[in-house]
Amino acid sequence: VCQLAAYKAPATDPNSPGNLPATREAQATVLRLPNTGMAVTIDIGDAGSVHPRNKQDVGRRLLRIALAQAYGRPIEYSGPVFDSMQVEGGAIRLRFTHVDGGLMARGGPLQQFAIAGADKKFVWANAAIVGKDVVVSSPQVPEPAAVRYAWADNPEGCNLYNAEGLPAAPFRTDGP
């Protein structure tokens, strides 16, 4: 599966994500089936078209999935995928799969993370890579309950990758 790319105007409010995040989340459910993979294209979209112009990177990501899943090659085929969270005081620690080589923020500090308390009013958050985890916080949310990453039609600047250069899939911890 090729997950929908970024499209439309860039996100400015973490509480108004648009319609595409839920569609991307539904696309990711296919990963529950055996012999499936999902190429994340959130970082190579075009605000003016739902079809990314950068077909080469889309093809390379799909090829990695085929080589690993169908041909058994020992290569990483997915970017970081949210696995679990743990509240630690005023922060949330996020754990991921597909990070054996580590995590990296491409092009500067991590972006497109939002955090909320029990009221589910999200604010843009500070996020930092700590080992193979990401720790998210905001002084506006002293008792955090949920995190979202790249949760918008166009989460421009989302930049969480694994060491193989594959982007993290958008996710929310306050899921369906």
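FYI, the numbering for the sequence shown is -9 to 166, going by the numbering used here.
Ideal Cβ placement from N, Cα and C applies to all residues, glycine included.
Would the stretch 104 to 114 count as touching the stretch 59 to 79 if we require 3 or more Cβ pairs under 8 Å?
no
Out of TYR139, TRP114, ILE34, which has the shortest C-alpha to C-alpha gap to PRO70?
In the sequence shown, the residue the question calls residue 70 occupies position 80. PRO70 has its Cα closest to that of TYR139, out of TYR139, TRP114, ILE34.
Where the alpha helix (DSSP H) containing ILE55 begins and where it ends
Looking up residue 55 in the sequence shown gives position 65. 45 to 59 is the extent of the alpha helix (DSSP H) around ILE55.
By a C-beta neighbour count over all protein chains shown, 10 Å radius and 16 as the cutoff for buried, is ASP73 buried or exposed?
For the purposes of this step, residue 73 is taken as residue 83 along the sequence shown, with counting starting at 1. With fewer than 16 Cβ atoms within 10 Å of its Cβ, ASP73 is classed as exposed.
Does DSSP put ALA135 in a helix, a strand or coil?
In the sequence shown, the residue the question calls residue 135 occupies position 145. ALA135: coil per DSSP, three-state reduction.
Find the nearest neighbour of GLY97 within the set ALA(-5), ARG162, CYS148, judged by alpha-carbon distance.
What you label residue 97 is simply residue 107 of the sequence shown in a count that begins at 1. Considering only alpha carbons, the answer is CYS148.
Check whether the stretch 128 to 143 touches the stretch 49 to 56, counting contact only when three or more Cβ pairs, one atom from each stretch, lie closer than 8 Å.
no
Would you kindly check if the distance between the Cβ of ILE119 and the Cβ of LEU156 is under 9 Å?
The residue you call residue 156 lines up with position 166 of the sequence shown. The residue you call residue 119 lines up with position 129 of the sequence shown. Cβ atoms of LEU156 and ILE119: not closer than 9 Å.
Would the beta-carbon of ASN44 fall within 9 Å of that of ILE55?
Along the sequence shown, one-based indexing puts residue 44 at 54. Along the sequence shown, one-based indexing puts residue 55 at 65. In this structure, ILE55 does not lie closer than 9 Å to ASN44 by Cβ.
Closest by C-alpha distance to THR87, when choosing among GLN101, VAL124, ALA16, PRO134
Sequence index remark: in the sequence shown, residue 87 carries index 97 (1-based). For the residues GLN101, VAL124, ALA16, PRO134, the minimum Cα distance to THR87 belongs to VAL124.
Length of the line joining the Cα atoms of ASN25 and ASN5:
Within the sequence shown, numbered from 1, the residue matching residue 25 stands at position 35. Within the sequence shown, numbered from 1, the residue matching residue 5 stands at position 15. Each residue's alpha carbon lies about 35 Å from the other.
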